[in-house]
Amino acid sequence: MKRLFITALLASQSLMAADLPTVQSVPQVDLARYVGTWHEIARFPMYFQNQCVGDVTANYSKMDNGKIKVINRCRTKDGEFDQAEGSASVVENTGNAQLKVSFFWPFRADYWIIGLDPEYRWAVVGNPNRKYLWILSRTKNMTADDLAAAKATALAQGYDLQQLISQ
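So the sequence shown is residues -17 to -1, 1 to 150, counted in mature numbering (1 follows the signal peptide of the UniProt record, and there is no 0).
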């Protein structure tokens, strides 16, 4: 009986995953407009951000070698700031909307811009397996309408917003 239950559970999860749309990045990103500082508004829980309690930012800048410098920063519970530096490379033929980010060689992670405000006020970043999600804003706070639009973008891509942690 236990084996039957586990088999049914696994089958139902496979069917649910099959119903999800394929994650799509936006068609085009103007990197000159995208670089700069972004504030984290919400995210999925991630072990590498467990120490972060607020003031989470990501700063992107162009490097001479064509890569993008990444500096992620956050305030920890003791009031100090923690920082991680890495680099990102644009994946070819993705309209600059898909990046490979590395904070220590040789590991690289998918960073897909799946939603982007036309004025570059907010962005939704995820990855193809839906394990990571960030809602980012150029300002520390988003309007309710902008946040609703960003969440709708993630929801339309099949992300489970019940996992979302707000700053």
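A virtual CB, placed ideally from N, CA and C, is assigned to each residue, including glycine.
Closest option to F86, judged by alpha-carbon separation, among G62, I54 and A131: I54.
Runs of alpha helix (DSSP H) with 4 or more residues, each lying fully within the region 10 to 69, are found at 14 to 17, listed in chain order. Contact annotation: the region 121 to 133 touches the region 15 to 22, with at least three C-beta pairs closer than 8 angstroms. In this structure, DSSP gives D2 a helical state, which the three-state scheme calls helix. The Cβ neighbour count for S8, taken over all protein chains shown within 10 Å, is at least 16; the residue is labelled buried.
Between the region 39 to 48 and the region 132 to 149, the count of Cβ pairs shorter than 8 angstroms is below three; the stretches do not touch. By the CB criterion at 8 angstroms, I97 and V108 fall inside the cutoff.
Following the DSSP letters along the chain, one finds L147 in no alpha helix (DSSP H), marked with neither H nor E. Judged by DSSP in its simplified three-state form, A135 adopts helix. Under a 10 Å Cβ-count criterion, A127 is classified as exposed, with fewer than 16 other Cβ atoms of the shown protein chains found around its own Cβ.
Restricting attention to P28, E102, P101 and W95, the CA atom closest to the CA of N110 is found in W95. Counting along the chain, R91 sits inside the beta strand (DSSP E) bounded by residues F90 to L99. The shortest CA-to-CA distance from R104 to any of L82, T5 and I24 is the one to I24. Rounded to the nearest whole angstrom, the CA to CA distance from Q81 to G62 is 33 angstroms. Shown here for Q34: same chain residues with a beta carbon closer than 8 angstroms to its own, the five before and five after excluded, namely C57, T59, K60 and D65 in chain order.
Counting only residues of its own chain and dropping the five nearest sequence neighbours on each side, T77 has a CB closer than 7 angstroms to the CB of S8. Exposure of F90 is indicated by the presence of fewer than 16 other C-beta atoms within 10 angstroms of its C-beta. Restricting attention to Q145, S72, A132 and N79, the CA atom closest to the CA of Q11 is found in N79.
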